[in-house]
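What follows is a set of notes on a single structure, which appears directly below.
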Amino acid sequence: MKGAIFFSGKYGSTEQYANWIGEATGLPVFSINNPNADPSEFDYLILGSSIIYFKLSIRKWAEVNLSKLNGRSKILFSVSGAGPSDKLERWVAKSFPTVLLSQMDHVALAGRLDHSKVNWLIKLSLWIGSLFNPDPLASKEERYGFDHVDKDSIKPIIERIGQLMHDVVPVKN
Ligand SMILES: Cc1cc2nc3c(=O)[nH]c(=O)nc-3n(C[C@H](O)[C@H](O)[C@H](O)COP(=O)(O)O)c2cc1C
76 MKGAIFFSGK
86 YGSTEQYANW
96 IGEATGLPVF
106 SINNPNADPS
116 EFDYLILGSS
126 IIYFKLSIRK
136 WAEVNLSKLN
146 GRSKILFSVS
156 GAGPSDKLER
166 WVAKSFPTVL
176 LSQMDHVALA
186 GRLDHSKVNW
196 LIKLSLWIGS
206 LFNPDPLASK
216 EERYGFDHVD
226 KDSIKPIIER
236 IGQLMHDVVP
246 VKN
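With positions in the sequence shown counted from 1, the corresponding number in the working numbering is that position plus 75.
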């Protein structure tokens, strides 16, 4: 069975996780911005996406490629500042096609925010957002940045891919 990882991220943490998963499983890794990468060439897909302003950054690509993703998409990993929670699940559910989500496992991974990599407008918006964040620690992290990227946290994804390698039945095109 042929699988692949497609990711959407801007500042490197989602790509880092995608590459770690690729190294651990041997699956090829593609940015969604690679015009030559075609999800319909694979039997199963692992999708990775950052969360930006309460939405999955992969959402538009997922909508455009819905027919190619349907039936193949098995795991979604999100990368965010917010940890696993009902709130995060709601953001994911609201910004991703339901038909895909219903056939996938969602794994929430912790991200990184490096203020030296974002422009002043984003810095300002994060600063303003932090003023309205009711959680004091999350508010501080929004303002000054954080790095919670953790290689060990991909373990459940690696295990699930191990099962998929045996179980997945090819999708008929
Ligand atoms: C402009 C901006 C908006 C963000 N919005 C959210 C958000 O709404 N919720 C959240 O949990 N994390 C948010 N984050 C944190 C990102 O999800 C985190 O930095 C992630 O690791 C980015 O992934 P990347 O490095 O692959 O781009 C935001 C980060 C930026 C820069």
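Where a beta carbon is used, it is the ideal one built from N, C-alpha and C, also for glycine. Bear in mind the structure is a predicted one, so any value in this text is a computation, not a measurement.
Alpha carbons only, please: which of Gly156, Tyr86 and Met76 is nearest the one belonging to Glu217? Taking the sequence shown and counting its residues from 1, the one referred to as residue 217 is at position 142. Of the listed residues, the one whose Cα sits closest to Glu217 is Gly156.
Query raised in the report: Are three or more beta carbon pairs between the stretch 225 to 237 and the stretch 195 to 211 nearer than 8 Å?
Result: no
**Three-state secondary structure assigned by DSSP to Ile80** = Along the sequence shown, one-based indexing puts residue 80 at 5. Of the three classes helix, strand and coil, the one that applies to Ile80 here is strand, per DSSP.
Among Asp242, Pro211, Phe81 and Pro209, which has the Cα closest to the Cα of Gly123? As a first step, residue 123 is located in the sequence shown; it is residue number 48 there, counting from the start. Checked all of Asp242, Pro211, Phe81 and Pro209; the closest Cα to Gly123 is Phe81.
**Asked** Based on the DSSP secondary-structure assignment, which residues constitute the bridge partners of Lys130?
**Response** For the purposes of this step, residue 130 is taken as residue 55 along the sequence shown, with counting starting at 1. Per DSSP, Ile127.
- Message: Three Cβ pairs or more, each shorter than 8 Å: is that satisfied between the stretch 170 to 177 and the stretch 135 to 149?
- Response: yes
ask   = For ligand 1, is there a heavy atom less than 6 Å away from the beta-carbon of Ala157?
value = Here residue 157 is taken as the residue at index 82 of the sequence shown, counted from 1. The answer is yes for Ala157.
| request: Report back the beta-carbon spacing between His181 and Val167 to the nearest angstrom; my notes put them in contact at under 8 Å. | output: Within the sequence shown, the letter at position 106 stands for residue 181. Within the sequence shown, the letter at position 92 stands for residue 167. Contact flag correct, Cβ pair sits at about 6 Å.
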